[in-house]
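Here is the structure we will look at.
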Amino acid sequence: MNVVKTHMLDSSYRCDSCSAQAFMMFALTPTERVPDGELFFCRHHGMKHRAALEPLTEFMADETDRLHAAIIDDKHVN
Ligand SMILES: [Zn+2]
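The numbering of the sequence shown is our numbering, which starts it at 910 and goes up by one.
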């Protein structure tokens, strides 16, 4: 599985499990059942599901290195 560094995930992308801000995106390998599936996860759930999703995933966007900066931003905004 390729891990790509992107800057596509802003605060409008939410974790599919808990609705926290998403910092990981798994682009699933297209199948007949799921032609273009994308799963978004926060760091916690991304790490949790990563091993299970790895065989199904074409590439993964990992923006967890932005997490520290985003937390500071959130504190600033709130
Ligand atoms: Zn989550």
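Just so you know, even glycine gets a beta-carbon here, dropped at the ideal spot from N, CA and C. As the structure is a prediction and not an experimental result, all values here were calculated from the model.
Coarse secondary structure for residue i, derived from DSSP in three states
i      : result
Leu948 : strand
Asp925 : coil
Asp974 : helix
Met933 : strand
Met969 : strand
Cβ shell of residue i (< 7 Å), same chain only, five flanking positions each side left out
i      : result
Met917 : Ala970
Pro939 : Asp945
His954 : Cys924, Ser926 and Cys927
Ser920 : Gln930
Within 8 Å, strictly: CB atoms of residue i and residue j
i      : j      : result
Phe949 : Ala931 : yes
Thr915 : Glu972 : yes
Residue i Cβ short of 7 Å to ligand 1 heavy atom set
i      : result
Ser920 : no
Own chain residues within Cβ distance below 8 Å of residue i, not counting five before or after
i      : result
Val913 : Phe968, Met969, Ala970 and Asp971
Close Cβ partners of residue i (< 6 Å) along its chain, the five nearest in sequence each way excluded
i      : result
Asn911 : Phe968
Neighbour flag for residue i against chain D, beta carbons, 8 Å
i      : result
His916 : Judged by its chain identifiers, the structure shown contains no chain D, having just a single protein chain.
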